[in-house]
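Notes for the one structure printed next.
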Amino acid sequence: MKRKTIMWTAVIGVVLVAAAAYGFRWLAEDEAATAPSVATTEVRRGDLAVSVSGTGSIRPSDQTNIKSGKDGTIAEVLVLEGSKVSKGEILITLEREEAVDASRQIRSKELQIEQLELELTELQNRFKSAADESERDNARLGIAKQQLNIEIAREELAELLEDDEPGNEEDYVIRADIDGMVTELDAAAGDQIKAGAALGAIVNYDILHMVASIDELDITKIAIGQEADLYVEALPGEEIGGRVVDIAREGVAQNGVASYDVTIEVLDNNQLKPGMSAEAAIQVEKKENILLLPVDAVASIGGSYFVTVMRETVGVVAQSGNKDRMEEPSTDREEADDGTDGSESSGQDAALRGEAAPPMRSEGSNDGESSLAQRANRFAAEGRGLPAATPDHGTGHRIQIEAGIANEDYIEIVSGLSEGDTVILPNAPVSGQHAFPSGTMSGERFPGGGSVGARGGGVFGGVRP
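Quick note on the UniProt record's numbering: the sequence shown kicks off at 1 and runs consecutively.
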């Protein structure tokens, strides 16, 4: 009986050990299956364009009023409303009543001079035939007076001739100041007009402009000749080329923020009409064949930039469709090191997770600081530095890098990483490895903040493999 009891006890012990071993194995497999995956990306080479955006409308490149330089009466109107005209073309002529009067005055003055010259000749003859000295003195005085009268008359004639020079015929014609179309015309033969009064309008529709409003924080980046891409609401999906041709010297302040008008010449306007609403992405900087990372792989903290790279001894799980995010790292060691409470240390670790800094302004708007930027500023104010490398879940470690230009999607890696390096995407839903789309990335500068760039973060060009 005692032997049977011992046997059953041994059997039960073996079963319990086997069950425990199986249970531990099942729990380990389940834990491994449910462990959070890590999304990654690679450092790639490509072209990066930085753009400044602004909204506005399509306008004619030039327009002017039709007006006369003097009062007068219209003799003839040579164009109709809707006529296309060229710069310098005569549109309206005026009656030359004053010109007729001037010709009469000139002829009258010429006759007066002839009369004075005849009288001078007679006085000279008297001087020669004078019988005594008294008659010669009188004749001499008469000759001097007559010569003075002739000189005065000749000066008056010269003035009349100057006023009647052919160049002054421009006073009697009205010409087109620009190329374009006559859009308005209120003039007819016989109408009395005043100098400077508008008689109609000419608009140049052949060359169109877009006038974009640019935020004061971005206006210093704009220069004459820069290329731009235009997006018109009435033409969805169309990308129209443009070029900056003028920058306003004075801004317009609204709600404490100044904006400046930037004029962009439209290079292809076959489908555009004045008044259409549009958005412009002005390319202010472009670099080719540079190292690139998605901006969400880079943490911007206190003016420094960090990424998390893979450890060589740990594999990367890239399980598509897993929505789990990376867990908070333990803060026990940090609390023991710096003597701070757990909540403050936890906040610092949250900042070190590498949350990408969002664009801080967009077309004059001010969204304020992100929570990451607020924490980073608080750390800097407290004099607490950031480590060059910080452990992260045992899968990777953080390193400091030097960043260059960037947009809302991609950032230039100046130093600290090499092409092909694998970087962990912090705090992102896991969907495997982050792929670079084909295209040259376009947008605004990530380091230092600024406005977002191309419409919808669009991409242009091609990324080198």
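Even glycine gets a Cβ: it sits at the ideal position worked out from N, Cα and C. For clarity, every value in this text was computed on a predicted model and none was experimentally measured.
Q. Is it buried or exposed for D218, if we count other Cβ within 10 angstroms and need 16 for buried?
A. By the 10 Å Cβ count, D218 comes out buried.
Q | Short Cβ contact (8 angstroms threshold) for V295 with I401 | A | No, the pair does not count as a contact, with Cβ atoms beyond the cut-off.
Q | Through-space distance from V182 to A49, alpha-carbon basis | A | C-alpha separation (whole angstroms): 42 angstroms.
Q: Return the Cβ separation of I405 and K287 in integer angstroms, given the expectation that the two are a contact with Cβ distance under 8 angstroms.
A: About 6 angstroms; that satisfies the 8 angstroms criterion.
**Q.** For A223 and I290, the rounded distance between their alpha carbons
**A.** Distance between the alpha carbons of I290 and A223: 24 angstroms.
Q.
Comparing C-alpha positions only, which one of T73, G82, G225 and T220 sits nearest to I92?
A. When each option's Cα is compared against that of I92, the closest is T73.
**Q.** First and last residue of the uninterrupted beta strand (DSSP E) at P236
**A.** Per DSSP, P236 belongs to no beta strand (DSSP E) and is neither H nor E.
**Q.** Paired residues, beta bridge with E412 - DSSP
**A.** DSSP output for E412 lists L292 as bridge partner(s).
(Q) Taking 8 angstroms as the limit between beta carbons, can you name the residues of its chain near Y205, skipping five residues before and five after? (A) Within the same chain, P60, G180, M181 and P274 come within 8 angstroms of Y205 by CB-CB distance, once the 5 residues on both sides are set aside.
(Q) Can you look up G251 in the DSSP assignment and give me helix, strand or coil? (A) When secondary structure is reduced to three states using DSSP, G251 falls in the coil class, being assigned neither helix nor strand.
Q. So is R146 buried or exposed if we call it buried at 16+ other beta carbons inside 10 Å?
A. The amino acid occupying residue 146 in the given sequence is Gln; Arg does not appear at that position. Buried is the call here.
**Q.** DSSP-derived helix/strand/coil call for K70
**A.** DSSP places K70 in coil when its eight states are reduced to three.
(Q) What does the Cβ neighbour count give for R107, buried or exposed, with the cut at 16 atoms within 10 Å? (A) In this structure R107 is exposed. Its beta-carbon is surrounded by fewer than 16 other beta-carbon atoms within 10 angstroms.
Q. Exposed or buried, what is K194 when buried is set at 16 or more other beta-carbons lying within 10 Å of its beta-carbon?
A. Burial call: exposed.
Q: Sort R140, A158, K67 and T121 by Cα distance to E170 and report the nearest one.
A: Selected option, being the one with the closest Cα: K67.
Q) When DSSP labels each residue in this structure, what does L185 get in the three-state scheme? A) In the structure shown, L185 sits in a strand (DSSP, three-state: E or B).
Q. What is the DSSP secondary structure of A131, counted as helix, strand or coil?
A. DSSP places A131 in coil when its eight states are reduced to three.
Q: Might you give, ordered along the chain, the residues of its own chain that have their beta carbon closer than 8 angstroms to the beta carbon of S418, omitting 5 neighbours on each side?
A: Result list for S418: V43 and L291, in chain order.
Q: Taking D268 as the reference, give the member of G302, Y260 and A228 with the closest Cα.
A: In terms of Cα proximity to D268, the closest of G302, Y260 and A228 is A228.
Q) If you measure from the CB of D137, is any heavy atom of the ligand MG nearer than 7 angstroms? A) Of ligands this structure carries none, so the ligand MG is not represented either.
Q: Write down the C-beta distance between I264 and H209 rounded to the nearest angstrom, noting that I regard them as a contact closer than 8 angstroms.
A: Yes, I264 and H209 are in contact; Cβ-Cβ is about 6 angstroms, under 8 angstroms.
Q. If V298 sits next to A403, beta carbons under 8 angstroms apart, how far is it from one beta carbon to the other, in whole angstroms?
A. A403 and V298 do touch by the CB rule: their CB atoms are close to 7 angstroms apart, below 8 angstroms.
Q) Can you tell me the Cα-Cα spacing of V52 and Y410, whole angstroms? A) Approximately 15 angstroms between the Cα atoms of the pair.
Q) Does DSSP classify D171 as helix, strand or coil? A) In the structure shown, D171 sits in a helix (DSSP, three-state: H, G or I).
Q. Apart from the five residues just before and just after D261, which ones in its own chain have a Cβ nearer than 7 angstroms to its Cβ?
A. Counting only Cβ-Cβ distances below 7 angstroms, and skipping sequence neighbours, we find V211, S213 and A248.
Q.
Taking the alpha-carbon of I399 as reference, which of E412, V423, N407 and E408 has the nearest alpha-carbon?
A. The option with the nearest alpha carbon to I399 is V423.
Q | Residue interval of the beta strand (DSSP E) (run including Q400) | A | Going by DSSP, Q400 is part of the beta strand (DSSP E) stretching over G396 to A406.
Q. Helix, strand or coil for N204 per DSSP?
A. Three-state DSSP puts N204 in a strand.
Q) Under 8 angstroms, do N138 and L116 count as touching if we go by C-beta distance? A) In this structure, L116 does not lie closer than 8 angstroms to N138 by Cβ.
Q.
Closest to E159 by C-alpha separation, out of S103, E239 and L199, would be which residue?
A. Looking at S103, E239 and L199, the one whose alpha-carbon comes closest to that of E159 is S103.
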